[in-house]
Amino acid sequence: MSLAKAFAPGKVILLGEHAVVYGFPALAGPLEQGVTVTLEKGGSGISLKGTQEGPSPIAHALRKCAQAFHVSNVEVEITGDLPQSVGLGSSAAVSVALVRAFSAAGQISMRPQGLLERALELERDFHGSASGVDHNVSFERQLIRFVKGRRGQPVILPRQVEAVVWVVEPRGSTRERVAEIKRKQELDPERSQRQFELIGALVDEAVEALEKGDLRVVGKAMDQNHKLLQELGLSTPGLDDACARLRSMGAFGAKLTGAGGGGAVVALFEDADPVVSTLVAEGHRAFVARWEAAQ
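Residue 127 is where the sequence shown starts when you use my numbering, and the numbers rise one by one after that.
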């Protein structure tokens, strides 16, 4: 019998990755794809369905949740349709879904900020120095402007916004990419600061344009952000080629999304469905991300 069930969406960063770790803003929104955590009563202790419990980040997260929300003797099932390890927030979605499911099972009433903090604590176990943007988007389920250490600010859209998310190639560890940028920042702090400031300014420019419904300005900011990520050594030939292809298909702008070094790209379109249909027909993994206009 199901004791509790919770869903949390993945996320896509439109602008601001990496700079967000250093206190600059990021713009990100939820995906339809996500993760569902189901808790079923039974067994002894806390077990993960379909696997043998061992010293893994997931097993550690389960123990933390069980202790925090006073839940015992349950079997945990984690399912979903969110691509993993490509920069779309799969670990944050797992963290948020776990916290929601365990808090419901333990009948623990906690303020939203408390649940957010629990989810971020779990995400840090997965990624180390997590900025918090992933779990904030997954928790809030709306397009937000996010600054580290604060709750995300909703972006008020006058019109629907559509993007193509294209999973291009395997990607390395987020933890390693973040550590690599930290090393560069320590070696040349002035250059890194200038790059992060430029990225932060592009985020604010894009937020303002989104709230006016000007997708061309947003797309231009995305293209400029991609160039800055290239300068930071975070793009790859595969990601660059995918962005160029999407621009040739009519994108307002395109860039890598997530930690970089592989993974996915995101591109803004007037109508994303035909583009996704073309990519999928060619054998690529791609889907549409949509954010509705404010009511």
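Positions of the beta carbon are idealized from the N, C-alpha and C atoms, including for glycine.
| Item | Value |
| --- | --- |
| If you draw a straight line from the C-alpha of E323 to the C-alpha of G142, how long is it? | 10 Å |
| Taking its Cβ as the centre, do 16 or more other Cβ atoms sit within 10 Å of A231, making it buried, or is it exposed? | buried |
| Would you call the stretch 303-310 and the stretch 406-419 touching, i.e. three or more CB-CB distances under 8 Å? | no |
| Is the CB-CB distance between D260 and A223 below 8 Å? | no |
| Grab me the residues of V146's own chain with a C-beta within less than 7 Å of its C-beta, minus the 5 sequence neighbours each way, in chain order. | A152, S257, V259, F272, K274 |
| Just the Cα atoms here: how many angstroms apart are E266 and E288? | 19 Å |
| Using 8 Å as the cut-off, can you tell me whether the stretch 160-171 makes contact with the stretch 131-140, which would need three or more C-beta pairs spanning the two stretches below that distance? | yes |
| Suppose you measure from the CA of A385 to the CA of L341; what does that come to, to the nearest Å? | 24 Å |
| Roughly how many whole angstroms lie between the Cα atoms of L188 and E166? | 13 Å |
| Using 8 Å as the threshold, is the C-beta distance between V281 and E247 below it? | no |
| Can you give me the C-alpha to C-alpha distance between A335 and Q286, rounded to a whole angstrom? | 13 Å |
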